[in-house]
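Chains as they are written, first to last, in this note's numbering: chain X, 356 to 656; chain U, 126 to 351; chain P, 61 to 183. Inspection log for the structure reproduced underneath, given as structure tokens.
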């Protein structure tokens, strides 16, 4: 089976700085992927390269089996919604929607119009005069109504209140259920979208840290706390992702070995207090861990 | 689905900018001159016509800056964008050329300089030669200006402010060196003589290879634009 | 949107548990049609693939079965299977922890038994 996206050793360098560093992953058809990572991690650069809006320095890149550069076969199957999208000053909302309707073969006019109502978009208003939230709504509308086989959302909800964000998630899930397609959603609101994501890619400092089923990450980590001696004995030989001390009390977050969930009960059996670690926290810990490693490596040099 | 024609439709959504604005600017300048002409007995020769040529270049720069990032974001190929934009440019230039031709005929042939001795569309040297010159000469010159605008637009997009600055400095530097070399060898007289020998037809023909060069270079730049 | 999911445990397990709850409580009777993957996904606001994984888990355990072209149904005997499973979990989750905490506090097994009887009487 060919994958929707196949990326191998993808690298984007600006001089000495590697915005994306040797990233390899595959996206399967009709799944919802989350591309997670802090700002400046390289998420946006990867998405730009997937649509040939930026050029890779090295590595290979296949979208629907081909390179996207100047490739209509690929480009018309991909809809990329980004926070920084520029629109011509004198275009109004209707202009933009009609051009989008022209460009995306699967565009659905009725769905688009229902979204216009849901998001209360003024069709005749100039793009330049839209609020930040409305601008985001236009992007979301295009991303949903295009029903593109690969739809990429890069932090699409800037300026949207919680209610409109919820509307976006609801419409996305509803429409996805009826018209499955591959969705790549970059976000840092993991708590909000976590349950929608089937698979998670975590990027930090241009590198891929995690590429896993979301559900297999849940329960992967847990934290134990108790007297320093007991905690130290328990965490010896385990992967510690976070450790904090308050007097004689230590709290440590550790990873279960993949496929195992027995760590929690082992800790409980020796009298340690056990607490779960959320997906959001887990990504934070992973990110911190890598940052610490890279800075200690630099220190060693 | 032809995505080049989508680009043309995208541009023509704002017909006002492409067609009406330049004509309006030109006509308002024209009307002011007619009014002035009505109060003076002397013949008036004015360069008001040049506004539409300058506008065509500005049009190229602005259109590119405004629509290219949008088109790229919407998944339009650079080639389709290029073809669609040049097709729209050609169409616009054609409409303007016909308009200028008709105005020039009205001025010189049909109304006797609007009855106020105003030479606005039909100018000495500019309108010399066979009648057909008044159609195709504006056409090729407008096209040249448009291509120059697109070239500046793509160059700026590709190399940013620093690039534009370096480019401008390079041109100034090359110009200085060239004029120095020309001065050293005393070629200036030859050049002026050559220029004086040229008719409007000759000059207009000379812009064709330049237009071609501009278009080719801007396409090459566009292919690497992000 | 339905009650929020616990983000620290696999969602598909939670989906399976909630369907089991409905079966144990009798909200979902045996041979009744179970909610579809799409309905579950929309209700709990989760990925349909994850919902399907939860449903499939119950199919594997013989709690749900598939009628081709119609949907998922609760198997005869499903309640019994779910109850057995839950009782095992009850022992793991509650009794083990209960005894452990009792030991820590120095409560003897006899005292613990008395406390359980007292608690039952109050219910």
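The beta carbon of each residue, even a glycine, is placed where N, CA and C say it ideally should be.
C-beta atoms of residue i and residue j nearer than 9 Å
i                      : j                      : result
residue 123 of chain P : residue 65 of chain P  : no
residue 497 of chain X : residue 452 of chain X : yes
residue 196 of chain U : residue 281 of chain U : no
residue 554 of chain X : residue 566 of chain X : yes
residue 252 of chain U : residue 325 of chain U : yes
residue 504 of chain X : residue 536 of chain X : yes
residue 414 of chain X : residue 363 of chain X : yes
residue 605 of chain X : residue 580 of chain X : yes
residue 397 of chain X : residue 357 of chain X : no
residue 404 of chain X : residue 375 of chain X : yes
residue 139 of chain P : residue 71 of chain P  : no
residue 68 of chain P  : residue 569 of chain X : no
residue 525 of chain X : residue 466 of chain X : no
residue 418 of chain X : residue 360 of chain X : yes
residue 350 of chain U : residue 202 of chain U : no
residue 410 of chain X : residue 388 of chain X : no
residue 599 of chain X : residue 583 of chain X : no
residue 138 of chain U : residue 446 of chain X : yes
residue 174 of chain U : residue 248 of chain U : yes
residue 552 of chain X : residue 575 of chain X : no
residue 136 of chain P : residue 91 of chain P  : yes
residue 368 of chain X : residue 412 of chain X : yes
residue 243 of chain U : residue 146 of chain U : no
Residue i - DSSP class collapsed to helix/strand/coil
i                      : result
residue 547 of chain X : helix
residue 309 of chain X : Lying before the first or after the last residue shown, residue 309 of chain X is absent from chain X, which here runs from 356 to 656.
residue 485 of chain X : coil
residue 166 of chain P : coil
residue 274 of chain U : helix
residue 127 of chain P : strand
residue 537 of chain X : strand
residue 257 of chain U : coil
residue 132 of chain P : strand
residue 237 of chain U : coil
residue 127 of chain U : coil
residue 563 of chain X : strand
residue 174 of chain P : helix
residue 154 of chain P : helix
residue 645 of chain X : helix
residue 136 of chain U : helix
residue 287 of chain U : helix
residue 279 of chain U : helix
residue 67 of chain P  : coil
residue 656 of chain X : Because residue 656 of chain X sits at a pLDDT of 42, beneath the cut-off of 50, its placement in the model cannot be relied upon, and the following sentence gives the value as read from the coordinates. Residue 656 of chain X: coil per DSSP, three-state reduction.
residue 552 of chain X : coil
residue 170 of chain U : strand
residue 248 of chain U : coil
Presumed contact (8 Å Cβ cut-off) between residue i and residue j, rounded CB distance
i                      : j                      : result
residue 562 of chain X : residue 378 of chain X : 7 Å
residue 608 of chain X : residue 632 of chain X : 6 Å
residue 641 of chain X : residue 557 of chain X : 6 Å
residue 390 of chain X : residue 540 of chain X : 7 Å
residue 239 of chain U : residue 308 of chain U : The Cβ separation is near 45 Å, so there is no contact.
residue 474 of chain X : residue 522 of chain X : 7 Å
residue 63 of chain P  : residue 532 of chain X : So it is not a contact: roughly 20 Å between Cβ atoms.
residue 577 of chain X : residue 619 of chain X : 5 Å
residue 225 of chain U : residue 245 of chain U : Not confirmed; about 10 Å, so no contact.
residue 277 of chain U : residue 186 of chain U : 5 Å
residue 406 of chain X : residue 433 of chain X : 6 Å
Under 8 Å by beta carbon: chain X residues contacting residue i
i                     : result
residue 67 of chain P : 546, 549, 550, 573, 633, 634, 635
Proximal chain P residues relative to residue i, where beta-carbon distance stays under 9 Å
i                      : result
residue 624 of chain X : 156, 160
Residues that residue i contacts on chain X, provided the C-beta gap is smaller than 9 Å
i                      : result
residue 95 of chain P  : Result: empty, since nearest Cβ-Cβ is about 13 Å, beyond 9 Å.
residue 139 of chain U : 443, 445, 446, 450
residue 184 of chain U : Within chain X, no residue comes near residue 184 of chain U; the closest Cβ sits about 13 Å away, beyond 9 Å.
Beta-carbon neighbours of residue i, restricted to chain X and to distances below 7 Å
i                      : result
residue 135 of chain U : 454
residue 194 of chain U : 441
residue 199 of chain U : 454, 455, 458
Chain P contact residues for residue i, given Cβ-Cβ distances below 8 Å
i                      : result
residue 524 of chain X : 105
Chain-ordered neighbours of residue i on chain U, where CB pairs are closer than 8 Å
i                      : result
residue 589 of chain X : Simply none; closest approach about 51 Å.
Chain-ordered neighbours of residue i on chain U, where CB pairs are closer than 9 Å
i                      : result
residue 410 of chain X : 349, 351
Worksheet item: Can you give, in chain order, each stretch of the alpha helix (DSSP H) that sits fully within the stretch 357-425 of chain X and has at least 4 residues?
Response: Runs of the alpha helix (DSSP H) spanning 4 or more residues and lying entirely within the stretch 357-425 of chain X occur at 398-405, in chain order.
Discussion item. Quick check on the DSSP output: what are the complete beta strand (DSSP E) runs of length 3 or more inside the stretch 567-641 of chain X, in order along the chain?
Written reply: 576-582, 594-601, 604-610, 628-631
Practice prompt. Jot down the residue ranges of each uninterrupted alpha helix (DSSP H) in the stretch 422-505 of chain X, minimum 4 residues, whole runs only, in chain order.
Written response: 427-430, 448-458, 464-473, 487-500
Practice prompt. Counting only runs of 4+ residues fully inside the stretch 85-116 of chain P, write out the alpha helix (DSSP H) ranges in chain order.
Written response: 97-104
Item to complete: Output the residue ranges of the alpha helix (DSSP H) runs that lie fully inside the stretch 174-212 of chain U and measure 4 residues or longer, sorted by chain position.
Response: The stretch 174-212 of chain U contains these whole alpha helix (DSSP H) runs: 175-198.
Item to complete: Could you tell me which uninterrupted alpha helix (DSSP H) segments, each at least 4 residues in length, are contained entirely in the stretch 297-334 of chain U, listed from first to last along the chain?
Response: 313-322
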